[in-house]
Structures are given as structure tokens and as C-alpha cells.
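J.:
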Amino acid sequence: MLSTPPFSVPSAVVGQPYACANDNPGTERAQAVFTKGFINFLYYFPAPTPDDKAFFSCAPLYYGAAILGTGLPFVACEFAGTGWAFESGLNLLDMTEAEAARWLRTKSGTVLELILLEATSNMVLAVRSIRPHPTFVSRLRRSLAQQRPSFSTSPAVLAAQAAALLHRRSCPGRLLDEATAYRSAVTQGESARIEHLLIH
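Under this note's numbering, the first residue of the sequence shown is numbered 64, with each subsequent residue one higher.
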């Protein structure tokens, strides 16, 4: 579990280890971390090449929020035209109730940061910042507001139900098909011009 309080997570710096420890080193996977700016979406990748890092930083990107059940939101991302996709559930139950309430109330400075990490060393290799579409943000916040009332007895129940939902999916890795998705047409050197297009 990533137990660092959301308002204590420092900014990711390329070339330095990420602030939160990797619970499963060496494994390719995605994980979402709540921050004061919104969410860090971590992608752990074993031994990525320089081309992988460059692609992560500047390739056109689709992202979306999929709600698979009451209080069960997921974030999904895919690099356009490549099939390189990753997804993660969101779990507010790792926080205290006060921390979760504060995060849900925070409305300003919303940034979705995609962070590429070397899966063994936990080193930050690339950081990509997106100003997410307001609909994406509001869907996640509404769903997360239902999470504690729905799963307050045990965080393990939440984790088990989320895992079961993904396991039953007929096409793993295509969660984005079920999401309200947007395309971020950002390329390297164009971070000041971020565009969003509702595609479905």
C-alpha cells in the first residue's frame, strides 16, 4: 500500500527515486496515488529503453475514467495507435477519513501526472502532466465520494471486488473502451498547449 498522505507527496523529479516505495519491485504494473494536485498515475516498467521514455513523454494519449460499480472508479490510459495501455483502480480507504474528505474538497490546481518508473529501482524516468477534462475529474470525484460508505468495513473488500471485476472482463486491457475518454494532443515541447477532445 502507498500510505503517504496525499498532501505530503512531493513532486516527482526525473533521475530521482519516487517518494513512495514500490510494493512489488520488478513487476510491470500501474498504480494511482492521490496528491494535493489530484492524481499521480504511476507506470512501473522493467528496463525501459530511451525510445520507451521518449514515447511516454510525448506520444498522443487517450485517457478516461471508467466506473465499474458503486465506489469503484478506474483510470485508464492508452498511447494512440500502439496498444500500449495501462489501468488502475483508485482506493481512498488507504487514507484517514479526514484526509479523504480534504482531497475530495480540493478543486483547484487539478493535474493528472503520468510518471514512468523503473520497476526495480523506483527511479523516475519521465513525467508527463495533463490538465484533465472537467468531466473526467467530476466523474472520479463523484464515484470516490461513494467509496467509503460502500466499503467502510474493510479496504480488503474493496480490493477484492475491484480485482474480481477486472478478472471477469472478456478483454483485459480495454477498460478505456468503457470510459468517457479524451485525447491529449500534447507533444514534447508543447506542454503549454494542452487540448482535449471528447471522443465518446
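Virtual Cβ for every residue (Gly too), placed ideally from N, Cα, C.
Just so you know, these numbers come straight off a predicted model, no measurement behind them.
Using DSSP's beta-bridge definition, name the partner residues of F101.
T.: Walking along the sequence shown from the start, residue 101 turns up at place 38. T98 and V174.
J.: Which whole-angstrom value is the C-beta distance of G144 and Q210, which I expect to be below 8 Å?
T.: Against the sequence shown, residue 144 aligns to sequence position 81. Against the sequence shown, residue 210 aligns to sequence position 147. Actually they do not touch by this definition, with Cβ atoms about 34 Å apart.
J.: Within 10 angstroms of the Cβ of R168, are there 16 or more other Cβ atoms? Answer buried if so, exposed if not.
T.: By 1-based counting over the sequence shown, the position of residue 168 is 105. By the 10 Å Cβ count, R168 comes out exposed.
J.: Taking C-beta to C-beta, are I102 and L179 nearer than 8 Å?
T.: Position 39 of the sequence shown, counting from 1, holds the residue named residue 102. Position 116 of the sequence shown, counting from 1, holds the residue named residue 179. Contact flag unset, no.
J.: Let me know the secondary structure DSSP gives A164 once reduced to three states.
T.: To locate residue 164, count along the sequence shown from 1; it is residue 101. Here A164 sits in helix by DSSP.
J.: I need the straight-line Cα distance from L203 to A110, nearest angstrom please.
T.: The residue labelled residue 203 in the question sits at position 140 within the sequence shown. The residue labelled residue 110 in the question sits at position 47 within the sequence shown. Distance between the alpha carbons of L203 and A110 is about 32 Å.
J.: Roughly how many angstroms separate the alpha carbons of S201 and F104, rounded to a whole number?
T.: For the purposes of this step, residue 201 is taken as the residue at position 138 of the sequence shown. For the purposes of this step, residue 104 is taken as the residue at position 41 of the sequence shown. One C-alpha to the other measures close to 17 Å.
J.: Do you know how far the Cα of N185 is from the Cα of T112?
T.: Counting from 1 along the sequence shown, the entry for residue 112 is found at position 49. Counting from 1 along the sequence shown, the entry for residue 185 is found at position 122. Rounded to the nearest angstrom, the two C-alpha atoms are 15 Å apart.
J.: Taking the alpha-carbon positions, what's the D114 to G100 distance?
T.: Stepping through the sequence shown from its first residue, residue 114 is reached at position 51. Stepping through the sequence shown from its first residue, residue 100 is reached at position 37. For D114 and G100, the distance between alpha carbons rounds to 28 Å.
J.: Is the Cβ of G78 closer than 8 Å to any Cβ of chain C?
T.: Considering every chain present, this structure includes no chain C. It has just one protein chain.
J.: V190: beta carbon under 7 Å from a heavy atom of the ligand MG?
T.: Ligands are entirely absent from the displayed structure, and the ligand MG is therefore not among its contents.
J.: Considering just the uninterrupted stretch of the beta strand (DSSP E) at V190, what are its terminal residues?
T.: Taking the sequence shown and counting its residues from 1, the one referred to as residue 190 is at position 127. Its beta strand (DSSP E) spans residues V187 to I193.
J.: So, at 7 Å on beta carbons, what are the nonlocal neighbours of V190 in its own chain, with the 5 sequence-adjacent residues on each side left out?
T.: Counting from one through the sequence shown, the residue named residue 190 turns up at place 127. Correct list, in chain order: A75, V77, E176 and I178.
J.: Which residue's Cα is closest to the Cα of A117: A208, L153 and L188?
T.: Position 54 of the sequence shown, counted from the start, is the residue given in the question as residue 117. Minimum Cα distance to A117 is reached at L188.
J.: Assuming E181 contacts F108 (C-beta within less than 8 Å), just tell me the rounded distance between them.
T.: Here residue 181 is taken as the residue at index 118 of the sequence shown, counted from 1. Here residue 108 is taken as the residue at index 45 of the sequence shown, counted from 1. So it is a contact: roughly 7 Å between Cβ atoms.
J.: Please classify A161 as buried or exposed, where buried requires at least 16 other C-beta atoms within 10 Å of its C-beta.
T.: Here residue 161 refers to the residue found at position 98 of the sequence shown. The residue in question, A161, is exposed, as its Cβ has fewer than 16 Cβ neighbours within 10 Å.
J.: Determine which residues share a DSSP beta bridge with P80 and list them.
T.: By one-based count along the sequence shown, residue 80 stands at place 17. Its beta-bridge partners are M186.
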